[in-house]
Amino acid sequence: MTTAITADRWQSVRRAYRVTGARFAELVARVPDPDAMVTADWTAADTVAHVAMIAKMYTSLAHSDSTPFLDARAQDQLEKTTVDTVSVLNTLVLRDFPERDIGVLVTGLLADIDEVLRVTEDADPATPLDWLGDSKVPLAGVLAHLVNELQIHGWDIAKALKLPWTMPPGDAALFFDLFMVGVLTHDTGHLLDTDEPPRDRRIAVAFRSAYTSPVVLVLHRGLVTVERPGGPVDVRISFDPPTLNLMLFHRVGKARAALTRKIVVSGPRPWLLPAFLRVVRLP
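Okay, so the sequence shown: first residue is 0 according to numbering that gives the first Met the number 0, each after it adds one.
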């Protein structure tokens with residue numbers, strides 16, 4: 000199944016790309032100490048550098064004829080990266096990207112956001128672009144990915160330093176609708192490779208929220224495909240997009256998401272969900 004990216008959805012992700020970048024810049028301008036730890040491994044400055052680095056990579060992707068942003072060693076790691084080794088790539092790239100002045104980083108981030116929007120104004124949002132692990136992601140999904148990075152890492156900074164931060168559900172929903180569904184309908188490459196042997200049992204999981212198009216993700220013999228709703232499913236998931244994203248990136252626990260009813264799991268065979276999520280997973 001392929002999903003069309005409507006003009007409205009394309010304009011939504013372009014607006015979120017600009018607006019979330021501006022909100023992130025306003026947030027980090029309030030950081031009292033760039034060296035304050037905001038995750039177990041990263042300072043506030045490291046976190047901003049990580050997001051700024053991704054924005055630079057996407058500017059390079061948008062300019063299809065430009066020199067790759069990453070050097071040969073990092074490019075090689077990018078092409079063989081799986082979900083489970085993304086941290087190796089992040090460490091490698093951050094080590095080679097030494098700028099930690101938040102003001103300089105934010106200026107570059109906003110400039111890269113503007114440049115991507117400028118060069119893609121008349122582009123086809125479904126254009127497939129090379130991404131991690133030899134996967135392919137539509138252009139609109141690449142923009143949605145940076146929106147999510149800004150939201151998640153903004154949440155990290157705000158939580159650690161007790162600063163205000165919101166994740167509008169409509170903008171958070173773009174990550175599932177355009178990025179996750181986008182990469183699954185194009186080519187996952189090596190991204191979801193695991194050491195676990197493929198299961199013969201077909202597992203179909205229906206996802207629905209007030210902000211996304213209903214879809215069914217199917218795992219069968221190690222391959223994940225996207226199907227239209229209407230057929231038999233094993234599990235149904237109703238979700239609040241910000242909570243789903245925070246849960247997938249291990250910021251919010253599954254139990255908390257379920258207890259607050261932000262994620263509701265139902266269907267005839269919900270016990271199959273853990274096996275599905277061992278393959279359909281994020282870093």
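Built from N, CA and C at the ideal position, the CB exists for glycine as well.
Note that this is a predicted model, so its numbers are computed, not measured.
Please state the DSSP three-state secondary structure of K261. Coil.
For a test of the three-state rule: what should DSSP assign to E98, helix, strand or coil? In the structure shown, E98 adopts coil according to DSSP, grouped into three states.
For Q74, count neighbouring Cβ atoms within 10 angstroms of its own Cβ and tell me buried if that reaches 16, exposed if not. Exposed: under 16 other Cβ atoms inside 10 Å.
Within its chain, find whatever has a CB closer than 8 angstroms to the CB of V87; leave out the 5 residues flanking it on each side and keep chain order. Its chain contains Q76, T80 as the residues whose beta carbon lies nearer than 8 angstroms to that of V87, once the 5 sequence neighbours on both sides are disregarded; these appear in chain order.
Using 10 angstroms around the beta-carbon of R268, count the other beta-carbons present and answer buried if the total reaches 16, otherwise exposed. Exposed, since its Cβ has fewer than 16 Cβ neighbours within 10 Å.
Alpha-carbon spacing of R8 relative to E195, whole angstroms: Their Cα atoms are separated by approximately 36 angstroms.
For the beta strand (DSSP E) that contains V136, what are its first and last residues? Counting along the chain, the beta strand (DSSP E) containing V136 begins and ends at 135-137.
Host alpha helix (DSSP H) of R8 (start-end): According to the DSSP assignment, R8 belongs to the alpha helix (DSSP H) that extends over 6-27.
Residue closest to V263, alpha-carbon to alpha-carbon, out of A139, H219, R17, I236: Comparing Cα-Cα distances from V263 to each of A139, H219, R17, I236, the minimum goes to I236.
Residue range of the beta strand (DSSP E) that A205 falls in? 202-207 is the extent of the beta strand (DSSP E) around A205.
Proximity of N285 and A171 at Cβ, strictly below 8 angstroms: In the structure as shown, the chain begins at 0 and stops at 282. Residue 285 is therefore absent and cannot be evaluated.
Own chain, CB closer than 6 angstroms to A203, minus 5 neighbours either side, in chain order: If we look at A203 and ignore the five residues flanking it on each side, its Cβ neighbours are V215, V217, V232, D233.
Looking only at its chain, what residues have a beta carbon closer than 8 angstroms to the beta carbon of L116, apart from the 5 residues adjacent to it on each side? Here the set comprises R13, Y16, R17.
When the distance is taken between beta carbons, is V251 closer than 8 angstroms to L160? The beta carbons of L160 and V251 sit no closer together than 8 angstroms.
Any chance the CB of D199 is under 7 angstroms from a heavy atom of the ligand FAD? This structure simply doesn't include the ligand FAD, nor any ligand for that matter.
Cβ neighbour criterion (16 or more within 10 Å) applied to D199: Under this definition D199 is an exposed residue.
Is it right to say V103 is buried, meaning 16 or more other beta carbons lie within 10 angstroms of its own, or is it exposed? It is exposed - the Cβ of V103 has fewer than 16 other Cβ atoms within 10 Å.
Could I get the ranges of all uninterrupted beta strand (DSSP E) runs contained in the segment 130-201, with 3 residues as the minimum, in chain order? Those beta strand (DSSP E) runs which fall completely within the segment 130-201 and span 3+ residues are 135-137.
Nearest to L109 (by Cα), restricted to the options F23, W270, P213, Y210: Taking each of F23, W270, P213, Y210 in turn and checking the Cα distance to L109, the smallest one comes out for F23.
Have a look at A43 and F175 and give me their C-alpha separation to the nearest angstrom. Between A43 and F175, the C-alpha separation is close to 26 angstroms.
Between the beta-carbon of I4 and the beta-carbon of P137, is there less than 8 angstroms? Yes, the pair counts as a contact, with Cβ atoms nearer than the cut-off.
By DSSP's criteria, T224 is part of a beta bridge. Which residues make up the other side? V217, per the DSSP bridge assignment.
So what does DSSP say about S212, is it helix, strand or coil? It is coil, neither helix nor strand.
Just reading off the beta strand (DSSP E) that R235 is part of, what are its end residues? Looking at the DSSP string, the run of the beta strand (DSSP E) that includes R235 is 234-238.
What's the C-alpha gap between V180 and V225? Going by the C-alpha atoms only, they are around 7 angstroms apart.
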